[in-house]
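For reference, the structure is listed below as structure tokens.
Chains as they are written, first to last, in the working numbering: chain D, 1 to 318; chain G, 1001 to 1280.
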């Protein structure tokens, strides 16, 4: 949005057209009018409901605004940020967000790559699996959370039910106990996000020419070594881009964990977005929440730079 | 990949792996479906039997009767359909401009699309809440629709401009040679060719709006305005009192439209990811 107009990404996404015949200024004006007419209906809602709020959100972090209607919104400089970095709860939530985003992203990648390879290997029943892989993606996140809450239910849930076959009396509340809540939520995160990763990786796999892999195997390379030396390097651009985007999405995730645990027990699953949501709409401290948002943006920007850099490199290699 | 040379042992391992994925991905869905048909007694007991002891279709009628589900479904449908309609109408011309007038516009457009997909929405929702409150549109379906339109736009623009770019420019040039104005040319050449792409984009927009939760959570306060996700989440919060059967039934019902659209879009989806992910 705004950041883009300030620093256009260093990606030659639009190779400039070869020197066109010089246009008269009247033609340029006419063309601009035409473009404006086409773009303005989209531009207006974007400016009012996306760009303006974003700028305002960045600014709010430097004030003492609250949700109350007669909040003074006085400028307070870096005050909110000072408070933020002295707030043990925030630091803890940031750490949980990092653990969550790292684990979910890595497991999504590992599991997604496994599934992509299987879907690419000419087996039977792939159609069913591929369809199953699309469903988590299509379902409303709230429904996914409800479903997993039922699976994890300490009494009626089938997970504990299966364990009780061996250990009658077992009644662990997976989402409600210290130590298990975050891993349990991470598994749900992987369930939701792995399919998309795997379909993307599958698309990448299908771009690799068969001859490349065949040639390697002709040369006596084992399946494993042709995977490591041919398949993985060919997938590298897809892997780096999907991983950086997944990390950002996971770091920003909200709905799933909100419905699963509301950040509990005892803040064990308090992702940064949940923390900021609580600050803004439960404790009504919107300036403080905005400061959190600003810090989260920094994380995103760094990762986005990395993403664009890898894209740039790929494009140059092509 | 060198299909003929795969050893039986490797093949076997591959099938075991595939089966594991099928269980991991499929079991939760299957369980939810079964739970929606189980009696309250079975769901409340320690009974591990995965199938319903007796089919409790009443869960569905109960879900529909109670919990304001009908109201919420109507709200969700109205918001999603309006969002889809508005997004499609305003995104079409802009996507056309993005695809055809390359250069700075396309660069900025692409950048905006990318950034909008990764921004922490908390920064936007706070001022948005304040703006909507000022014009009395928070806690209203109109306000929610405005927000959905804005947030579904980038992805719709991105998809549509891809479909426009796939139409050969030469077709338009031929029409221009024949003396067609830009408007006539759009109407007679471009839009007819864009119909399948537009339908796919519209479905995606509908699904995103239908599934959305965060904005609905923040903006909607009165139960009369709740969308499906919003009201289902409410009942999870009150888990102690709520009966799991009807909740599961409601969850199943809430996912049907998205699942239907995704099934229709499956092919296009994989194709889109292919070009999107690999070429970046």
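The beta carbon of each residue, even a glycine, is placed where N, CA and C say it ideally should be.
Distance, Cα to Cα, residue i vs residue j?
| i | j | result |
| --- | --- | --- |
| residue 319 of chain D | residue 274 of chain D | For residue 319 of chain D there is no data in the structure shown, the boundaries of chain D being 1 and 318. |
| residue 1162 of chain G | residue 264 of chain D | 43 Å |
| residue 1277 of chain G | residue 238 of chain D | Residue placement at residue 1277 of chain G is poorly supported in this model, since its pLDDT is 42, which falls under 50; the coordinates still yield a value, given next. Whole-angstrom Cα-Cα distance: 6 Å. |
| residue 1248 of chain G | residue 1135 of chain G | 37 Å |
| residue 1259 of chain G | residue 1057 of chain G | 21 Å |
| residue 1256 of chain G | residue 221 of chain D | 47 Å |
| residue 979 of chain G | residue 1068 of chain G | No information on residue 979 of chain G is available, as it lies outside the stretch 1001 to 1280 that chain G covers here. |
| residue 178 of chain D | residue 143 of chain D | 24 Å |
| residue 257 of chain D | residue 27 of chain D | 54 Å |
| residue 205 of chain D | residue 225 of chain D | 16 Å |
| residue 1167 of chain G | residue 1113 of chain G | 21 Å |
| residue 1111 of chain G | residue 1104 of chain G | 10 Å |
| residue 1001 of chain G | residue 213 of chain D | For residue 1001 of chain G, the predicted structure reports a pLDDT of 46, less than 50, and the residue's modelled location is therefore unreliable. A value from the coordinates is still provided. Taking the straight line from one Cα to the other gives about 7 Å. |
| residue 1036 of chain G | residue 1231 of chain G | 17 Å |
| residue 296 of chain D | residue 289 of chain D | 11 Å |
| residue 61 of chain D | residue 1117 of chain G | 22 Å |
| residue 1123 of chain G | residue 161 of chain D | 42 Å |
| residue 1176 of chain G | residue 1169 of chain G | 11 Å |
| residue 1223 of chain G | residue 1234 of chain G | 10 Å |
| residue 91 of chain D | residue 1096 of chain G | 45 Å |
| residue 259 of chain D | residue 216 of chain D | 49 Å |
| residue 74 of chain D | residue 1182 of chain G | 51 Å |
| residue 12 of chain D | residue 1164 of chain G | Confidence at residue 12 of chain D is low in this model, with a pLDDT of 34, below 50, so its placement is unreliable and no value can be given for it. |
| residue 294 of chain D | residue 302 of chain D | 13 Å |
| residue 170 of chain D | residue 232 of chain D | 43 Å |
| residue 129 of chain D | residue 1265 of chain G | 16 Å |
Skipping 5 residues on each side, what residues in its chain have a beta carbon closer than 7 Å to that of residue i?
| i | result |
| --- | --- |
| residue 104 of chain D | 186, 189, 190, 193 and 250 |
| residue 243 of chain D | 105 and 109 |
| residue 1282 of chain G | Since the first residue of chain G shown is 1001 and the last is 1280, residue 1282 of chain G is not available in this structure. |
| residue 101 of chain D | 247, 250 and 251 |
| residue 134 of chain D | 195 |
| residue 1038 of chain G | 1052, 1056 and 1245 |
| residue 240 of chain D | 310 |
| residue 16 of chain D | Confidence in residue 16 of chain D is poor, its pLDDT being 42 and thus under 50, which makes the residue's placement unreliable; the coordinate value appears in the next sentence. Result list for residue 16 of chain D: empty, nothing under 7 Å. |
| residue 157 of chain D | 150 and 151 |
| residue 184 of chain D | 152, 174 and 175 |
| residue 1020 of chain G | none |
Taking 8 Å as the limit between beta carbons, can you name the residues of its chain near residue i, skipping five residues before and five after?
| i | result |
| --- | --- |
| residue 284 of chain D | 66, 67 and 68 |
| residue 1008 of chain G | none |
| residue 120 of chain D | 202, 205 and 206 |
| residue 85 of chain D | 91 |
Kindly give me the distance between the Cβ atoms of residue i and residue j, rounded to whole angstroms, as I take these residues to be in contact under 8 Å.
| i | j | result |
| --- | --- | --- |
| residue 1225 of chain G | residue 1139 of chain G | 6 Å |
| residue 1228 of chain G | residue 1073 of chain G | 6 Å |
| residue 155 of chain D | residue 1046 of chain G | 6 Å |
| residue 253 of chain D | residue 271 of chain D | 7 Å |
| residue 1128 of chain G | residue 49 of chain D | 6 Å |
| residue 159 of chain D | residue 151 of chain D | 6 Å |
| residue 1149 of chain G | residue 1083 of chain G | 5 Å |
| residue 1093 of chain G | residue 141 of chain D | Contact doesn't hold; Cβ gap of about 32 Å is too wide. |
| residue 1023 of chain G | residue 1209 of chain G | Incorrect: roughly 32 Å between the Cβ atoms, too far for contact. |
| residue 25 of chain D | residue 112 of chain D | Not quite, the Cβ-Cβ distance comes to about 53 Å (not below 8 Å), so this is no contact. |
Spatial neighbours of residue i within its chain, please: C-beta separation below 6 Å, excluding the five flanking residues on both sides.
| i | result |
| --- | --- |
| residue 300 of chain D | 248 |
| residue 196 of chain D | 137 |
| residue 93 of chain D | 270, 272 and 275 |
So if I threshold CB-CB distances at 7 Å, which residues from the segment 1181 to 1197 of chain G count as touching chain D? 1182
To test your reading of the DSSP string, which unbroken beta strand (DSSP E) runs of 3 or more residues are found completely within the segment 225 to 301 of chain D? none
Contact set between the segment 71 to 103 of chain D and chain G, restricted to residues whose Cβ is under 9 Å from the partner: none
Which runs of the alpha helix (DSSP H) at least 4 residues long sit entirely within the segment 1050 to 1103 of chain G? Give them in chain order. 1058 to 1065 and 1069 to 1100
Give the residues from the segment 1066 to 1093 of chain G that approach chain D closer than 7 Å (Cβ to any Cβ), ordered along the chain. 1090, 1091 and 1093
Which ranges does the alpha helix (DSSP H) cover as unbroken runs of at least 4 residues, wholly within the segment 1137 to 1207 of chain G, from first to last along the chain? 1141 to 1165, 1169 to 1177 and 1182 to 1185
Any residues in the segment 140 to 156 of chain D with a beta carbon nearer than 9 Å to a beta carbon of chain G? Which ones, in chain order? 140, 141, 142, 143, 144, 145, 146, 147, 148, 149, 150, 151, 153, 155 and 156
Chain G contacts made by the segment 108 to 137 of chain D, where a contact means CB separation under 9 Å: 111, 114, 115, 117, 118, 119, 120, 121, 122, 123, 124, 125, 126, 128, 129, 130, 131, 132, 133, 134, 135, 136 and 137
Anything in the segment 222 to 236 of chain D with a Cβ closer than 8 Å to a Cβ of chain G? List those residues in chain order, please. 223
Runs of alpha helix (DSSP H) wholly within the segment 168 to 215 of chain D (minimum 4 residues, chain order): 181 to 207
Between the segment 1205 to 1225 of chain G and chain D, which residues of the former have a C-beta closer than 9 Å to a C-beta of the latter? 1207, 1210, 1211, 1212, 1213, 1214, 1217 and 1218
Interfacial residues, the segment 253 to 270 of chain D to chain G, with Cβ spacing under 8 Å: 254, 255, 258, 259 and 262
Counting only runs of 4+ residues fully inside the segment 127 to 167 of chain D, write out the alpha helix (DSSP H) ranges in chain order. 141 to 152 and 158 to 164
Under 7 Å (Cβ pairs) to chain G, residues found in the segment 31 to 48 of chain D: 34, 35, 38, 39, 41, 42, 45 and 46
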